[in-house]
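Presented below is the structure to which this report refers.
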Amino acid sequence: MMQSNQEPNHYRNGNAGVPAYTNGGGGGGGGALVPVGNGMEPSPASMGGNEGAGQVDPKALLNAFRRRWFLAVTVGLFCGGSAAAAVYLLVPPNYVASSIVYIDATPGTVLQDSSSFSSDFDTFKRTQMFRALQRVVLDTALSEPVRNGELKQYGFKTIGDLPLIKAQAFPIDWLEARLSASGRQEEFFAIKMEYSEKPEELAEIVNAITQVYYRDIANESKLLDKKRIAMLIELSDDYEQETKKKLDEIAKLGRRLGITSEEELSLDIAADNAFSRELQQQYFDLTIMRYNLKLETRITEKIGDTVEENPDIQAEMIETLIDRDPKMADLLVKADAIEANIRRYEETLKDTENNSVLKSARREQETTQEAIAKYREELRPIIEQKIRESGNAQNPDDLPAEERIARMDVILEQLKEELDNRKIQKTQIVTDSFELQQLQKEAAKLEARTDEINNKIDVLKIELGAPDRIKVAQWAEVPRIKDWESLYKKSAMAGLGVFGLFVAAIVWFEFQAKRIDTLGDVTGGLNLRIMGALPQMPRWASQKSSKAKKTAKSAFWHSVLTESIDAARTVLIRDANVESTRLVMVGSAISGEGKTTLSCHLAASLARVGRNTLLVDCDFRKSNVHRVFGVEEQPGLSEVLLGTASLEEAIKSPSDDGPDVLPAGQFNSQLLAALAQDGLGKIFEELKKKYEFVVVDSSPVLPVTDSLMVAQHVDAVILSIRRDVSRRPKVAATRDRLAMLGVPVLGAVVIGLDGETSGYRSGYGGYGYGSRYGYGYQYNRSPEPTPSQS
82 MMQSNQEPNH YRNGNAGVPA YTNGGGGGGG GALVPVGNGM EPSPASMGGN EGAGQVDPKA
142 LLNAFRRRWF LAVTVGLFCG GSAAAAVYLL VPPNYVASSI VYIDATPGTV LQDSSSFSSD
202 FDTFKRTQMF RALQRVVLDT ALSEPVRNGE LKQYGFKTIG DLPLIKAQAF PIDWLEARLS
262 ASGRQEEFFA IKMEYSEKPE ELAEIVNAIT QVYYRDIANE SKLLDKKRIA MLIELSDDYE
322 QETKKKLDEI AKLGRRLGIT SEEELSLDIA ADNAFSRELQ QQYFDLTIMR YNLKLETRIT
382 EKIGDTVEEN PDIQAEMIET LIDRDPKMAD LLVKADAIEA NIRRYEETLK DTENNSVLKS
442 ARREQETTQE AIAKYREELR PIIEQKIRES GNAQNPDDLP AEERIARMDV ILEQLKEELD
502 NRKIQKTQIV TDSFELQQLQ KEAAKLEART DEINNKIDVL KIELGAPDRI KVAQWAEVPR
562 IKDWESLYKK SAMAGLGVFG LFVAAIVWFE FQAKRIDTLG DVTGGLNLRI MGALPQMPRW
622 ASQKSSKAKK TAKSAFWHSV LTESIDAART VLIRDANVES TRLVMVGSAI SGEGKTTLSC
682 HLAASLARVG RNTLLVDCDF RKSNVHRVFG VEEQPGLSEV LLGTASLEEA IKSPSDDGPD
742 VLPAGQFNSQ LLAALAQDGL GKIFEELKKK YEFVVVDSSP VLPVTDSLMV AQHVDAVILS
802 IRRDVSRRPK VAATRDRLAM LGVPVLGAVV IGLDGETSGY RSGYGGYGYG SRYGYGYQYN
862 RSPEPTPSQS
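So the sequence shown is residues 82 to 871, counted in my numbering.
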């Protein structure tokens, strides 16, 4: 036997609780107990239930609705009906003026392919519905003239002059609140405006807005096409001016070259080249003849015998003759012209690295240099052969060699001068012709671009004549009847909205209470072992009428209750044999969780198996045990603590086979002071000597401190938990308070979870235990506690 304020051995490692267990199988808590934790170690879900952080358990929401569906539906129906009636009575019905706009799903075109338009017609339609009510449209509509003859007679000139608009401090905002655009069918949408008065003005405002939308927004593509045409015409004029400048430069170069066409230029260049080649051939032949005569003269002067004996003279003559070759002369002239153009481009162009014309000229220069080098190597052996042949030929002329050389020098000088002039002239011609070709290319590009722009202009002008994609199918007419149907819908929506809001609010508040719904909330969420599970007894099964007792259903429910209590008794007897746990307090977090029912049935079950058992009622503020067993309330434990009665006088024996009962006695303020002393511990020690088991029914733990003072003198505590009444945070707080006092918690007996444990399902009656505990709180006493009470 342990002392009143000592813990058993397995609580001295810092844990104030016992290892938690859950039922390994079977029903009613009578199966094997499987450890699921180490007792009182707080778990993350102990205070908030088994929902994940930030998550809502749908099953828990359904259980919350099941518990409060009647209240939620009743309050929701009342408030929803009141809201619907208020809307119907207070909100006046409106006139509705509407115009209808048609949008072609497949816009017609004259030349363009209609597939180029957006294939998402729904998006296009929604966009147009939005744009029809833009602030810019509404603002422009206020300046539109009034077209209704009756309104004109009253002096209203513009839409902004109408009384409906004049009465508004912010007319645009007011229009936005009253206007709407809705799609009626696939290719139609309506622009609507609702108001309770002045239907003529409503129709006029809607028509003005529709007119502005159709004129400025709906066919915006054609307005854009007109702007594009104007821009393209301006661009075409610029290109034509640039082309004219290029053509003038081409004509100027043509006049300088003396030609009127590119073909004539080619003929002039060919004739000039032919004449230049003939002159170069004459110069070539005379140079060879002069050179041979010079060699003969030098031979006579002992300079040498043959040309081969003077390699320097021979190489100089060969290079001269190669340069005078007609084809080589053409290549050299072309190279000089290209080099002159490159220098001119480098001086005038800004970007000399990326210009395409300059790059083309440089590539042509490289090609020409390669051709010159290749042709030079081809001419060299040919000229050497001609020199040898000319040296071996006989001179038919009888003039002296010196005179003949002198004549040849004069002719060669004239030929050289003529060839040099022609070379300069040809270089200028080649340069001008190259520039002419470039100008002609640029002019051709400009003409092509101008033609392309003009073609685009023609296409756009033709497309302007295509049918409009958006049309006004129907203008708004003056409404004559108010829209009662809309008012009915608004009333219904208001009623349903308020109904749903109140139902959701009540269910949500009930959900936030975190009441225990499943065994998992106890074993996992609260980390407590299940010692037993009691079914929820129907009210009729707990009545004492003879008729109820004779029914088979009543007998069945009482047998189920007995078996469930016996399962908890078995666990308690095992703990008593192992840990000497014989003085047990049955407690709960708050009232209405069935602790009195549990303590009475547990004590009766222990007595039924021959255990000498005493049931002590320590619920001083609201005692019920004496009513259950039909004994007098006084004298009781209160009188024993205050010394006005002895234990023998206070203990009652209602029956031979039932437990003895120690009622609570009369509650007063002196009793609280007596509880704070050690007198209760001494009484419990004396009772443990007389009885095998002492079961204590206590007050709820959280509302008052009575149960905590009593708990310090017991061996362990059993918590009573009732489905749909017990709250996870409050049960966890109860467990933690007992743990701080070093009071072991054997486990919990749950009431009403029979559908999860024993397979029994039943309805839920009233809990009946009363309301709240505490000084000055009211409470209701039931004539007889049942498993659905206390």
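The beta-carbon is built from N, C-alpha and C at its ideal position, and this holds for glycine as well.
Within 9 Å, strictly: CB atoms of residue i and residue j
i: Ile799; j: Ala829; result: yes
i: Val168; j: Gly576; result: yes
i: Ile534; j: Leu313; result: yes
i: Val831; j: Leu615; result: yes
i: Ser788; j: Gly668; result: yes
i: Leu360; j: Arg503; result: yes
i: Pro740; j: Leu687; result: yes
i: Ala557; j: Ala284; result: yes
i: Ala684; j: Phe774; result: yes
i: Val791; j: Ile802; result: no
i: His794; j: Phe748; result: no
i: Pro744; j: Leu718; result: yes
i: Ala178; j: Pro280; result: yes
i: Met409; j: Tyr364; result: no
i: Asp602; j: Asp805; result: no
i: Leu695; j: Ile732; result: yes
i: Ala222; j: Gln292; result: yes
i: Ala321; j: Thr531; result: Strictly speaking, residue 321 in this sequence is Glu, with Ala absent from that position. The answer is yes: Cβ separation under 9 Å.
i: Leu541; j: Ile310; result: yes
i: Leu496; j: Leu367; result: yes
For residue i: DSSP bridge partner residues
i: Val826; result: Val798
i: Thr239; result: Pro226
i: Ser261; result: Lys273
i: Phe774; result: Thr694
i: Ile832; result: Leu615 and Arg803
i: Tyr183; result: Phe269 and Lys552
i: Asn175; result: Asp564
i: Asp737; result: Asp737 pairs with nothing; no bridge assigned.
i: Arg808; result: Arg596
i: Val782; result: Paired residues: none, contrary to the question.
i: Cys699; result: Ser779
i: Val709; result: In DSSP, Val709 forms no bridge with anything.
i: Leu743; result: Val697
Proximity winner among the options, relative to residue i (alpha-carbon distances)
i: Ala705; options: Gly675, Gly724, Gly691 and Ala726; result: For the record, residue 705 in the displayed sequence is Asn; it is not Ala. Among Gly675, Gly724, Gly691 and Ala726, the Cα nearest to that of Asn705 is on Gly675.
i: Asp647; options: Leu679, Ala670, Thr429 and Leu439; result: Leu679
i: Ile298; options: Val690, Leu219 and His682; result: Leu219
i: Arg488; options: Pro244, Phe237, Arg371 and Asp366; result: Arg371
i: Ile331; options: Leu260, Glu516, Leu158 and Asp404; result: Glu516
i: Met666; options: Gly711, Val776, His682 and Asp698; result: Val776
i: Tyr295; options: Ile463, Asp549, Asp306 and Asp406; result: Asp549
i: Glu451; options: Thr429, Ala416 and Gly613; result: Ala416
i: Val659; options: Ile671, Ile492 and Leu827; result: Leu827
i: Ile184; options: Asp329, Leu496, Asp201 and Gly823; result: Asp201
Start and end residues, alpha helix (DSSP H) containing residue i
i: Lys570; result: Trp565 to Gln593
i: Asp411; result: Pro407 to Thr429
i: Val559; result: Unbroken run through Val559: none, as it is neither H nor E.
i: Asp787; result: Asp787 to Ala792
i: Asn753; result: Note that residue 753 is Leu in the sequence shown here, rather than Asn. That run of the alpha helix (DSSP H) goes Ser750 to Ala757.
i: Ala547; result: Where Ala547 is concerned, there is no enclosing alpha helix (DSSP H), given that its DSSP letter is neither H nor E.
i: Ile732; result: Note, Ile732: premise wrong, no alpha helix (DSSP H); not H, not E.
i: Arg296; result: It is not in any alpha helix (DSSP H) - Arg296 carries neither H nor E in the DSSP assignment.
i: Phe202; result: Phe202 to Arg212
i: Thr725; result: Here Thr725 belongs to no alpha helix (DSSP H), and DSSP marks it neither H nor E.
i: Pro244; result: Pro244 to Lys247
i: Lys676; result: Lys676 to Arg689
First and last residue of the uninterrupted beta strand (DSSP E) at residue i
i: Val667; result: Leu664 to Gly668
Cβ of residue i within 9 Å of any chain B Cβ
i: Asp787; result: The displayed structure is made up of one protein chain only, and chain B is not part of it.
Contact the region 223-242 vs the region 287-296: 3+ CB pairs below 8 Å: yes
Would the region 713-723 count as touching the region 743-761 if we require 3 or more Cβ pairs under 8 Å? yes
I'd like to know if the region 803-821 and the region 600-614 are in contact, where contact means that at least 3 CB-CB pairs between them fall below 8 Å. yes
Is it a yes or a no for the region 149-159 touching the region 585-595, going by three-plus beta-carbon pairs under 8 Å? yes
Three CB pairs or more closer than 8 Å across the region 431-448 and the region 393-409: no
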